[in-house]
Each structure stands twice: as structure tokens, then as C-alpha cells.
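Peer 1:
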Amino acid sequence: MDFKLSVLLFVLSLALHSCIPEPDPYPFKAPAIIRAEAQIISDRLTTYIEGWLDGVNPAMIPDSLIPNGIIDAVNFELIHPDSMPSEDVWAWRYAQSINTDSIYSGLPDPNVTYLLLGPSLAPYGSKVHIEGEFPHCRFFSVQITPPLSGEEYTYNKVFGSAEVSIVDVDIDPLPGHINPFRIGADRGAIHRSYHLTFDLEIGDPVALSSGNFAPPYRYPGNTRFGGLIHHQGPWGIDGGFAGITPGNGEWNTGAIWLRYYAPDGEDPTTGIDFPKIWYELADGRRYFIRANFQEFFSRVNRTIPAQESYTNPNPNISVDVGWAKSYGILMNILGGVSLANGWLHPDTSAKIRAVDLGATGRSQFAPPPRNYEAHATINNYASYTGKSIRLDTGEVLVLTGKLPTFPNTRNGLSAMEAAQCRYWSIVGYDNDPFFEAPGSAINSIMDDEVLIDEYRNFMICYSRTEDWPMNASPENGVSWVSWGPTMELGLIMRYVNIADDWEFEYSPNTFHLPWSTGNLASPTFDSTLIFQNWHKGFMNCYLPRVHIMKKAQFEALGNSFQVDDIPILVHDGQYIGLNDALDVPIIASSFTDDDTTFAPLKANDNNFDSYWASQTLSTPEQTEWIQLDLGAERKISGVKLSWNFLAHATAYDLQYSSDATNWTSFFTTQNGNGQNDIVDHLAITGRYVRVLMHRCILFQYQLRNIEVYYPASECLNMPIITSQSSTQQAIDFVIFPNPSSGTIHFKVPLSVNPRQVQVFSSNGSLLMNTAFEPSLQLSLPSGIYFIALEVEGRMVVKRVIITE
């Protein structure tokens with residue numbers, strides 16, 4: 118994400134250790150007042166720059182003219198751009214392999230080179246010019262803090278507004294040059310230069326940007342709008358959480374970011390020089406403001422050894438918990454800490470939303486851009502999902518799933534190709550808030566390092582070096598990753614999508630996974646989408662499923678195994694897990710008085726408080742049974758039984774069958790104790806599962822729940838989506854003509870049955886919602902629109918340009 122977070126993550130985690138703090142009221146100050154105050158700061162700085170250019174003022178800018186919340190730079194001075202070496206103004210962190218003896222903090226992706234403009238200060242009314250070469254890498258973007266609206270805040274350049282971004286493919290090269298990121302373009306082109314311009318303005322970022330500051334953050338041309346003087350909100354003055362985080366001042370500079378994902382070859386600089394940058398006044402005169410930022414540069418590039426371990430098991434983090442998507446750094450921290458402490462419930466979720474609103478002005482219920490998913494310091498085109506995992510000594514962690522297609526640029530790709538994503542990675546971070554380098558990357562694997570089968574299924578095995586299973590090898594299709602010395606890590610998965618050519622229906626971006634259903638703190642959060650450890654949610658097999666095994670259990674798989682041989686981890690909590698056999702047909706030898714309250718289905722109804730009860734027995738040794746029909750032959754990985762303690766079986770067999778006549782026992786006990794009984798790491802196949810009970814402690818058997826788990830076979834032969842971009846192409850959904858001079862038509866296959874059509878403006882406002890008809894045509898004024906069709910319960914989106 119970025120390399121400015123270490124101190125803030127540390128103090129925030131300390132502050133949140135005991136409770137969620139009280140929120141600041143919103144708005145902190147009337148937006149019009151903030152804009153007026155910003156204009157005064159800007160005008161005074163402009164006047165001084167004009168005086169320096171006229172030879173009246175000295176180069177060193179008085180501290181009284183510098184925004185009062187800056188902590189990353191000192192000694193601001195004016196300089197002519199032609200006399201300024203480019204390497205003197207950029208702070209950088211290069212892409213490099215992880216070395217646990219020398220780790221960086223701040224949630225970096227080790228496959229990314231980050232450039233941050235050291236002194237990002239210039240008055241409104243100026244322009245920023247950036248001139249350089251397209252890097253030799255997989256993905257490239259430039260981002261600037263947005264124009265100042267007064268309605269959003271950006272505290273310490275970390276918490277708050279999303280930057281305005283321009284992505285590689287949308288940048289027009291200089292005349293006679295080539296943009297190597299466009300489909301089919303020569304990636305090795307020698308002439309590959311560009312020139313970008315950012316107009317620094319006060320006002321509504323969405324209105325100013327005319328569509329380029331709205332999901333999916335695409336807009337042609339090389340000019341954008343931004344701002345480099347920003348308000349920090351209440352935390353800037355009072356500090357966050359009653360002053361625990363520093364309240365360094367009301368105002369701060371903005372930020373300019375460059376990101377180079379997956380450099381070609383071994384050169385983290387991507388084979389180009391630092392880009393040139395300068396500012397321009399409204400009258401056309403050029404200047405630059407530089408400063409001393411060496412203390413900051415040294416701090417963010419400081420490394421220390423990874424810590425060995427620190428944590429005990431957390432009972433609030435269930436194995437069934439899947440992945441959570443980030444909708445803001447602050448909200449992500451609040452939600453994560455609440456989850457870890459067992460606080461996450463509707464009242465806490467409302468408080469999380471209120472804290473985030475008070476500190477940043479952002480909210481899923483606010484108007485654009487305050488409701489945009491992207492937030493400060495991130496790559497606007499990346500979706501970040503994460504989960505916490507603890508791996509004990511002697512254990513291995515296995516992730517199974519399906520890898521999206523991507524342009525394999527690091528293996529000599531000569532021309533850029535369309536794919537389901539531009540970049541994918543999973544990085545493991547030390548999430549100990551008390552570690553002096555929080556958010557440090559401990560392990561990493563990216564797309565082109567993952568071994569896949571013919572259906573793009575993967576098996577990624579993590580362990581410590583001493584626990585490396587002998588069969589976790591490329592010969593068996595397994596990608597092995599060293600877990601590192603730290604016991605508990607947070608895994609973050611990055612999906613970099615650029616609609617339409619590097620996006621598809623399972624991409625976890627803002628259109629497919631919006632605030633309303635994807636955000637942990639949303640009142641309408643849907644935990645079935647990605648927050649459960651299964652392949653049945655919105656992302657299907659493209660969401661990695663977690664399996665934890667002992668080293669010996671993994672080695673027991675032998676060789677030549679595949680995804681559906683990896684056993685599912687069955688939880689041991691007093692609740693119903695991700696039961697693969699939920700609601701399948703179930704019968705029993707009897708149930709109490711033929712009362713449906715105790716019918717067999719009560720042992721498989723996703724309700725832990727209901728239960729099946731047999732008839733009253735004539736003797737505690739009377740045999741009874743309960744039987745599930747899985748519907749087809751299934752590989753069975755595990756079974757969990759939850760008994761009523763006072764009426765449990767002390768002796769029983771677990772059996773499976775293909776025909777419900779010939780049974781094979783796979784587990785037998787004479788010492789049942791009425792607790793949760795788990796039989797896992799199975800390798801059996803059958804259609805029917807039966808509990809054959811031989812003895813109870815009283816005169817009845819009572820079973821709260823029977824859960825059956827399948828391995829990841831649902832992904833084994835799942836067809837590969839062959840479309841090179843998004844869902845709409847996969848189903849041949851077409852809007853034409855596009856661009857259009859006013860009227861658009863729809864072409865949808867007969868196999869697709871869309872119900873509704875929604876039209877959104879470039880700033881995300883809903884303009885139209887109408888029923889779909891095959892003859893539908895829409896007439897729209899000039900502008901950029903997003904047209905969404907509701908297809909099979911999901912909104913499928915296309916961007917449309919209407920010209921005059």
C-alpha cells in the first residue's frame with residue numbers, strides 16, 4: 118500500500134486495544150470556511166513565488182508561509198527546475214526480494230517500486246508537470262492528492278481522501294513515441310516518453326475531473342486535477358483518539374505517487390531515470406519548491422530483522438473466517454481490531470462508521486467522492502482483501518483456488534495482452550501492533566510465481582523451513598512459500614483490475630463488491646461473499662480457501678495429488694461451520710413421537726439450537742441411525758457431530774456408502790463424551806453418510822448438528838473464463854455504438870436474461886433505473902456514463918462515451 122504507515126499503525130493499535138473511541142462530529146468545520154482558509158494560504162505562497170521570480174524575495178521560504186502540519190520535510194526553498202537533479206526530489210523504495218533479516222515496515226508489496234515526491238507543496242492555481250519514460254514493468258500509475266473540497270480530510274497523508282489517478286494505458290505518449298502498456302504495443306519500444314499535467318484547484322474533485330475521478334478511474338488524456346495543500350480535519354489539531362496520535366497541525370502538503378508493479382528483469386528502477394517534475398504559475402513561469410526530507414527518506418527505508426513469534430491463539434478468529442476487503446485504512450484497522458477482540462456487532466459497526474466519518478469525512482452513505490471505495494495512499498486500480506492467520510510450529514498452511522489470467526510480462530512478453538487482471542499477489546505481513554516495524558512484509562508470492570494446473574487451480578503451501586513437507590514441490594504442482602519466523606501474519610491479496618481489458622466477473626472491485634455488501638462495518642454487510650472460508654461466495658474459486666494441516670498429514674498425501682485431495686480444515690467451535698451438506702435430504706430410524714420439532718432435518722438446518730431426537734429407547738444399547746444423502750458421489754474430507762450433552766451416543770460408527778445398502782465404517786468409538794466430535798483429513802468417496810449409534814447415556818439420542826465437508830473439488834474442473842476482460846464480454850453483452858453521438862442500443866444473447874438497466878453519471882450518481890427490454894435504446898447527452906445491467910443477481914457494468 119504505502120511506506121508511511123508504521124508509526125500510525127502502531128499508535129492506532131495501542132489506542133484501540135481496549136475499545137473503539139468516541140467519534141469526532143462531522144463536519145469538523147464548514148467546508149466553505151476550509152476552502153476560504155486554503156485560498157488564503159495558497160495566495161500568500163503564490164505572491165511570495167512571484168516575488169522570487171521577480172528577483173525580490175530570497176529562495177528560502179519563510180516558515181510562516183508553510184502549512185503548519187508538515188512533519189516529513191523542513192527548509193522549503195524555491196529553485197529553478199533546470200538546475201534541479203530529479204533524484205533530489207523523489208523518495209523511493211525499490212522492489213526487492215524479502216529477506217527476513219532485513220525487513221521494511223508499512224505494508225509494501227515487495228514486487229513494487231514506489232516513488233513519492235518528497236516536498237509535495239505548490240499553491241492552487243499552479244500546474245504540476247511530470248515528464249518521463251514509461252517504465253519497463255507490468256503496471257504503472259501516477260496519483261496526486263485530489264482538489265480540496267473542504268468536505269474530506271486527509272490526516273498525515275494516510276487516512277482520508279483517495280488520490281486522483283492516471284493509469285498507464287490511458288496516458289498518451291509524446292509524438293513519435295509508444296505507450297507500451299496498450300494492447301498489442303511493443304513493450305520494448307525505445308521511444309517511450311510521456312508528459313502529464315495536473316491543474317491544482319480548490320473545488321469538488323468529481324466535478325472538476327469531468328469523469329476521471331470515478332470508478333473505474335479511467336479517462337483519456339494526460340491532464341488531471343489535484344491539490345497540494347490539504348486540511349487534516351480534527352485529528353490534525355487534536356490528534357486521533359483523544360490525542361494519542363499526533364496532532365501536528367490543521368494543514369499539510371499533498372502527495373504525488375508513482376508505482377511500478379513487477380519490474381521487468383532484475384532492475385527495480387525499471388530501466389528508466391527518475392521523471393522530471395516542475396510547477397508552473399498561471400502566467401506560465403516555471404519554478405519548483407524543494408525541501409529537506411532526508412529524515413523521512415531514511416526512516417521509511419530503515420530495515421530490521423523480523424521477530425520470531427509473539428502470539429497466543431485468538432478465540433475470536435475462527436478458521437471459517439475468509440477474507441475482508443479494505444474500504445479505507447482507518448476503517449480497515451477499526452474493523453480488524455474489533456474482529457480480533459470479538460466486538461464486531463451492529464452497534465460497534467455503527468461506531469466504526471462514525472469514527473471514520475469524523476476523522477476523514479468518508480462514508481458509504483455520503484455523496485461522491487466521499488463514498489468512493491478507493492482511499493488515501495492506495496493504488497486506485499487495486500482491490501485489497503486480507504485475513505489474519507496463525508501458523509504453529511509443525512503446521513503447514515495451504516491455499517487452494519484458481520488464479521486469474523494476467524499478462525506474463527516478466528517472462529519476456531513482447532507485447533501487452535488483455536487478461537482477467539493486470540497483477541495479482543498475496544503478501545504476508547507482521548500485524549503485531551507492538552512490533553517496532555508493524556506492517557512489515559514477511560513473505561510474498563505473485564502471479565507468475567504460482568504453479569497452476571490445466572484449469573488454473575493452484576496449491577500454495579506455507580511453512581517454516583524446518584517444516585517444509587517433502588512433497589510440497591513443483592513436481593506435485595505445489596508452490597512452496599517460507600512462512601518466516603513470525604507466528605501470526607495478516608495476508609493481503611491484491612487484485613489490480615483495469616476495466617475493461619484487465620477485469621472479469623469475479624474481480625473484487627467496486628462494481629462487484631461495493632461498500633454496501635462488502636464492508637465489515639456496513640449495516641447490510643453480506644458475510645457470504647468473501648468473508649467465509651469457502652468457494653461458494655461471489656468470487657467462487659478465485660477466492661483462496663485456507664487449509665491448515667500438520668506436516669505429516671500433508672506428506673501423507675504422497676505424490677501426484679491435486680487440489681481436491683487437500684482436506685478441509687474443520688472448526689471445533691460451538692457453532693455450525695461452513696457445512697457443505699447443509700439442507701441435503703436427511704432421514705433417521707425414528708424421531709420423538711413423530712414430532713417435527715425433533716425431526717431429522719433439525720440436525721442439518723443451520724440452527725445450533727435445534728436438534729434431532731430419536732424415539733425413547735427401551736434400553737441404552739438400542740441401535741438408531743441418522744443418514745444424509747449428498748446427492749452424488751462426493752470426496753469427503755471431514756465430518757463434525759455436535760451432540761446434546763445429556764443424550765449423546767457413547768458408542769457409534771460413522772459410515773459411508775454409494776448405494777445406502779453397503780456401508781463402510783470410517784470411524785468407530787466406544788468413548789463418546791458428548792462434545793464436538795471431529796473426524797477430518799479423510800480421503801473417502803461416497804454419496805451417503807450415516808451415524809450408526811449403539812449406546813447412549815440415558816434412553817435417547819440427541820444430535821444438534823451433523824456437518825459434512827468436501828475438499829476443494831468444486832474448482833477442479835471449473836471451466837476457465839476465456840474472455841479477456843469483464844463479464845459483459847464473457848456473455849457477449851454489447852452496447853453500440855460506443856462512442857455514440859447520442860443514442861445507444863443493446864445486444865444481449867438469448868441465454869442472458871437481464872432484468873434492470875441502471876445509468877450512472879461519471880460522478881457515480883444514479884440517473885436512470887428502468888426495466889430491460891430487447892428493443893431498449895437510450896438517448897443521452899454528451900458525457901461519460903456507466904451502464905449497469907442486472908444479470909443473475911449481479912450488476913454488470915460498461916463504460917459509454919457520448920460525444921456531441
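Residue numbers (this note's numbering): 118 to 921.
The beta carbon of each residue, even a glycine, is placed where N, CA and C say it ideally should be.
To the nearest angstrom, report how far apart LEU232 and SER644 are at their CA atoms.
Peer 2: Taking the sequence shown and counting its residues from 1, one reaches residue 232 at position 115. Taking the sequence shown and counting its residues from 1, one reaches residue 644 at position 527. Spanning the two alpha carbons is a distance of roughly 36 Å.
Peer 1: Which one of PRO521, TYR612, LEU265 and ASP473 has the shortest CA to CA distance from ASP226?
Peer 2: Here residue 226 is taken as the residue at index 109 of the sequence shown, counted from 1. Ranking the options by Cα distance to ASP226, first place goes to TYR612.
Peer 1: Checking 8 Å against the spacing of the C-beta atoms, do ILE609 and VAL544 come in under that value?
Peer 2: Here residue 609 corresponds to residue number 492 of the sequence shown, with the count starting at 1. Here residue 544 corresponds to residue number 427 of the sequence shown, with the count starting at 1. Contact: yes.
Peer 1: Which of helix, strand or coil does DSSP assign to MET448?
Peer 2: Mapped onto the sequence shown, residue 448 falls at position 331. Here MET448 sits in helix by DSSP.
Peer 1: Do you know offhand how far LYS915's Cα is from PHE257's?
Peer 2: Walking along the sequence shown from the start, residue 915 turns up at place 798. Walking along the sequence shown from the start, residue 257 turns up at place 140. The straight-line gap from Cα to Cα measures roughly 23 Å.
Peer 1: Where do the ends of the beta strand (DSSP E) carrying SER243 lie?
Peer 2: Within the sequence shown, numbered from 1, the residue matching residue 243 stands at position 126. That residue, SER243, is in no beta strand (DSSP E); it is neither H nor E in DSSP.
Peer 1: Are there 16 or more other CB atoms within 10 angstroms of the CB of ARG872, so buried, or fewer, so exposed?
Peer 2: Within the sequence shown, the letter at position 755 stands for residue 872. The residue in question, ARG872, is exposed, as its Cβ has fewer than 16 Cβ neighbours within 10 Å.
Peer 1: If contacts are defined as beta-carbon pairs under 8 Å, then ASP681 and LYS752 qualify, I think. What distance do you get, rounded to the angstrom?
Peer 2: For the purposes of this step, residue 681 is identified with residue 564 of the sequence shown, where counting begins at 1. For the purposes of this step, residue 752 is identified with residue 635 of the sequence shown, where counting begins at 1. ASP681 to LYS752, Cβ: 6 Å. Contact.
Peer 1: For TYR540 and PRO661, what's the separation of their Cα atoms in angstroms?
Peer 2: By one-based count along the sequence shown, residue 540 stands at place 423. By one-based count along the sequence shown, residue 661 stands at place 544. Each residue's alpha carbon lies about 16 Å from the other.
Peer 1: Give me the Cα-Cα distance between ASN650 and THR517, rounded to the nearest whole angstrom.
Peer 2: As a working mapping, residue 650 is identified with position 533 in the sequence shown. As a working mapping, residue 517 is identified with position 400 in the sequence shown. Cα to Cα, the separation comes out at about 11 Å.
Peer 1: TRP374 to PHE863, Cα distance in whole Å?
Peer 2: In the sequence shown, the residue the question calls residue 374 occupies position 257. In the sequence shown, the residue the question calls residue 863 occupies position 746. TRP374 and PHE863: Cα-Cα distance of roughly 39 Å.
Peer 1: My output table needs one value for GLN670: the three-state DSSP class, helix, strand or coil.
Peer 2: Here residue 670 refers to the residue found at position 553 of the sequence shown. Reduced to three states, the DSSP call for GLN670 is helix.
Peer 1: What did DSSP end up calling GLN819 once you bin it into helix, strand or coil?
Peer 2: Working through the sequence shown from its first residue, we reach residue 819 at position 702. DSSP places GLN819 in strand when its eight states are reduced to three.
Peer 1: Starting from the Cα of ASN724, find the closest Cα among ARG821, GLY356 and ALA302 and give me that residue.
Peer 2: Within the sequence shown, numbered from 1, the residue matching residue 724 stands at position 607. Here the closest residue by C-alpha is ARG821.
Peer 1: Among LEU234, GLY371 and ARG210, which residue has its Cα nearest to the Cα of THR387?
Peer 2: Stepping through the sequence shown from its first residue, residue 387 is reached at position 270. Selected option, being the one with the closest Cα: ARG210.
Peer 1: Kindly indicate which three-state DSSP category ASN657 falls into: helix, strand or coil?
Peer 2: Residue numbering aside, residue 657 sits at position 540 when the sequence shown is read from its first letter. It is helical.
Peer 1: Roughly how many angstroms lie between the CA atoms of ILE848 and ASN870, to the nearest whole one?
Peer 2: Within the sequence shown, the letter at position 731 stands for residue 848. Within the sequence shown, the letter at position 753 stands for residue 870. With a pLDDT of 45 at ILE848, under the threshold of 50, the modelled position of that residue is not reliable, and the figure given next carries that caveat. ILE848 and ASN870: Cα-Cα distance of roughly 11 Å.
Peer 1: How many angstroms separate the CA atom of THR740 from the CA atom of LEU815?
Peer 2: By one-based count along the sequence shown, residue 740 stands at place 623. By one-based count along the sequence shown, residue 815 stands at place 698. Whole-angstrom Cα-Cα distance: 13 Å.
Peer 1: Using a Cβ-based criterion (distance less than 7 Å to any ligand heavy atom), does PHE145 qualify as near the ligand SAH?
Peer 2: No copy of the ligand SAH occurs in the structure displayed, which carries no ligand at all.
Peer 1: Cβ of THR627 within 8 Å of Cβ of SER599?
Peer 2: Here residue 627 refers to the residue found at position 510 when the sequence shown is read from its first residue. Here residue 599 refers to the residue found at position 482 when the sequence shown is read from its first residue. No. Outside cutoff.
Peer 1: Pick out whichever of MET666, GLY690 and PHE877 has its Cα sitting closest to the Cα of LEU514.
Peer 2: What you label residue 514 is simply residue 397 of the sequence shown in a count that begins at 1. Nearest option by C-alpha distance: MET666.
Peer 1: Below 8 Å between beta carbons: does that hold for GLY803 and SER775?
Peer 2: Against the sequence shown, residue 803 aligns to sequence position 686. Against the sequence shown, residue 775 aligns to sequence position 658. In this structure, SER775 lies closer than 8 Å to GLY803 by Cβ.
Peer 1: Kindly provide the ranges of any beta strand (DSSP E) runs that are 3 or more residues long and lie completely inside the segment 184 to 233, ordered along the chain.
Peer 2: Counting only runs of 3 or more, we get 191 to 196 and 207 to 210.
Peer 1: For GLU605, which residues does DSSP report across the bridge?
Peer 2: Mapped onto the sequence shown, residue 605 falls at position 488. DSSP, once it has assigned bridges, lists ARG507 as partnering GLU605.
Peer 1: Report all residues from its chain with a CB closer than 7 Å to the CB of ILE704; omit the five preceding and five following residues, and keep chain order.
Peer 2: Along the sequence shown, read from residue 1 onward, the residue named residue 704 stands at position 587. Here the set comprises PRO717 and GLN744.
Peer 1: Need the endpoints of the beta strand (DSSP E) that GLN744 sits in, please.
Peer 2: Sequence index remark: in the sequence shown, residue 744 carries index 627 (1-based). From DSSP, the beta strand (DSSP E) with GLN744 extends over 741 to 753.
Peer 1: If distances are taken between C-alpha atoms only, which option among THR714, ALA467 and GLY478 comes closest to PRO138?
Peer 2: Within the sequence shown, the letter at position 21 stands for residue 138. With distances taken between Cα atoms, PRO138 lies closest to ALA467.
Peer 1: Is there contact between the segment 269 to 285 and the segment 391 to 406, where contact requires at least three CB pairs shorter than 8 Å?
Peer 2: Flag = no, the segment 269 to 285 and the segment 391 to 406 do not touch.
Peer 1: Mapping DSSP to helix, strand and coil, what is GLN846?
Peer 2: Locating residue 846 in the sequence shown gives position 729, where the first residue counts as 1. Annotation note: pLDDT 37 at GLN846 (below 50); position unreliable, no value reported.
Peer 1: Among residues of its own chain, excluding the 5 on either side of THR920, which ones have a beta-carbon nearer than 8 Å to its beta-carbon?
Peer 2: Start at 1 with the first residue of the sequence shown, and residue 920 comes out as number 803. Contacts found: PRO856, SER857, SER858 and SER899.
Peer 1: Alpha helix (DSSP H) containing LYS468: first to last residue?
Peer 2: The residue you call residue 468 lines up with position 351 of the sequence shown. Run containing LYS468: 463 to 477, per the alpha helix (DSSP H) assignment.
Peer 1: PRO140 and PHE330 - do their beta-carbons sit closer together than 8 Å?
Peer 2: Against the sequence shown, residue 330 aligns to sequence position 213. Against the sequence shown, residue 140 aligns to sequence position 23. No.
Peer 1: Can you check which of these residues, PRO263, TYR272 and ASP289, is closest to GLU84 by C-alpha distance?
Peer 2: Only positions 118 to 921 of the chain appear in this structure, which leaves residue 84 out of reach.
Peer 1: Along the alpha helix (DSSP H) that carries ARG416, what are the first and last residues, could you check?
Peer 2: For the purposes of this step, residue 416 is taken as residue 299 along the sequence shown, with counting starting at 1. 411 to 417 is the extent of the alpha helix (DSSP H) around ARG416.
Peer 1: Rounded to whole angstroms, what's the CA-CA distance from LEU345 to ASP189? Just pull it up for me.
Peer 2: For the purposes of this step, residue 345 is identified with residue 228 of the sequence shown, where counting begins at 1. For the purposes of this step, residue 189 is identified with residue 72 of the sequence shown, where counting begins at 1. Cα-Cα distance, rounded: 14 Å.
Peer 1: In terms of alpha-carbon separation, which member of VAL851, ASN431 and SER878 lies closest to GLN894?
Peer 2: Position 777 of the sequence shown holds residue 894. Nearest of VAL851, ASN431 and SER878 to GLN894, Cα basis: VAL851.
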